[in-house]
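Peer 1:
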Ligand code: 4GX
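In the numbering used here, the protein residues as written are 120 to 365.
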């Protein structure tokens, strides 16, 4: 996977990508990341990338020319490259979309600031508009980082052990079961005895029930899309029957 991020704040992107799982993935050549400074394509002595909106009103709009030149400067790899604009108006980004995007050869991420970008860039250059959630950020940079993080963890080899990808929250559409580590007793609170029993089949079943309980309790909406076995369904009916799931 190759990502190209277009931004007027390249250091914001670099700062996050210099450490952690994504930095390791870059070192191992599992992903490549290009950062393009939109300001490098601005003209005139002030190198402005934004201007006042036609028709008046508050705020500034990113000018089309620097964005167009910046996009034009990005080397296209493969036939599977996609230009994405991060904006609250976009389709909601979720785990299913992360899987879908992870099969692309190149994702070009356009990070807007201010009130947004000139509409003609959206029309001429943008393949898809994505939103990471219903709140307003100060720019597309954090949204681009969120997307790159979520997509990269799905690329084989990016996470250390291969199995953890599948077992992770949302891979079956359910919330995670509770986790415990040492000590066995903390502030008087004990680790559930079953986890110390050594009976791996019992532990697996207990964890599944916990996942189902939690999802039913905190995010029942997720159950509609979850991958459930007939046993899961039976367990859910039982849990729903209980007055309040303890
Ligand atoms: N999920 N924002 C982008 C400026 C902007 C507006 C329109 C292009 C077009 C956001 C989100 C988000 C705030 C990023 C407005 N750029 N992006 N920015 N939520 O809130 O993705």
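Glycine is no exception: its CB is placed at the ideal position from the N, C-alpha and C atoms. No experiment lies behind these values; they were computed from the predicted model shown.
(1) Give a single yes or no on whether residue 255 has its beta carbon closer than 7 Å to a heavy atom of the ligand 4GX.
(2) Where do the N-terminal and C-terminal ends of the beta strand (DSSP E) with residue 123 fall, by residue?
(3) Note down the Cα distance separating residue 192 from residue 333, rounded to an integer number of angstroms.
(4) For residue 133, I'd like the list of residues in its chain whose CB is within less than 8 Å of its CB, leaving aside the five on either flank, ordered along the chain.
(5) Could you have a look at residue 216 and say whether DSSP puts it in helix, strand or coil?
(6) Step through the CB atoms of chain B and report whether any lies within less than 8 Å of the CB of residue 277.
(7) List the whole-angstrom C-beta distance separating residue 296 from residue 350, where the pair is believed to meet the contact cut-off of C-beta under 8 Å.
(8) Between the C-alpha atoms of residue 178 and residue 212, what's the straight-line distance to the nearest angstrom?
(9) I'd like to know whether the C-beta atoms of residue 225 and residue 197 end up nearer to each other than 8 Å.
(10) State the CB to CB distance for the pair residue 203 and residue 272, rounded to an integer number of angstroms; the pair is presumed to be in contact (CB under 8 Å).
(11) Verify whether the separation of the beta carbon atoms of residue 220 and residue 270 is less than 8 Å.
(12) Can you give me the C-alpha to C-alpha distance between residue 199 and residue 232, rounded to a whole angstrom?
(13) Return yes when the Cβ of residue 157 is within less than 8 Å of the Cβ of residue 186, no when it is not.
(14) Just to confirm, is the Cβ distance from residue 235 to residue 181 under 8 Å?
Peer 2: For this structure:
(1) Yes - the ligand 4GX has a heavy atom lying nearer than 7 Å to the Cβ of residue 255.
(2) It spans 121-126 - the beta strand (DSSP E) in which residue 123 sits, taken as one unbroken run.
(3) Their Cα atoms are separated by approximately 48 Å.
(4) Once the five neighbours on either side are set aside, the close Cβ partners of residue 133 are 154.
(5) Collapsing the DSSP output to three states places residue 216 in a helix.
(6) This model lacks chain B altogether; it includes just one protein chain.
(7) Not quite, the Cβ-Cβ distance comes to about 16 Å (not below 8 Å), so this is no contact.
(8) The alpha-carbon atoms of residue 178 and residue 212 are separated by roughly 27 Å.
(9) Residue 197 sits close to residue 225, with the two beta carbons spaced by under 8 Å.
(10) Contact doesn't hold; Cβ gap of about 18 Å is too wide.
(11) Contact flag set, yes.
(12) Going by the C-alpha atoms only, they are around 27 Å apart.
(13) Cβ atoms of residue 186 and residue 157: closer than 8 Å.
(14) Yes; because the gap between Cβ atoms is below 8 Å, this pair is in contact.
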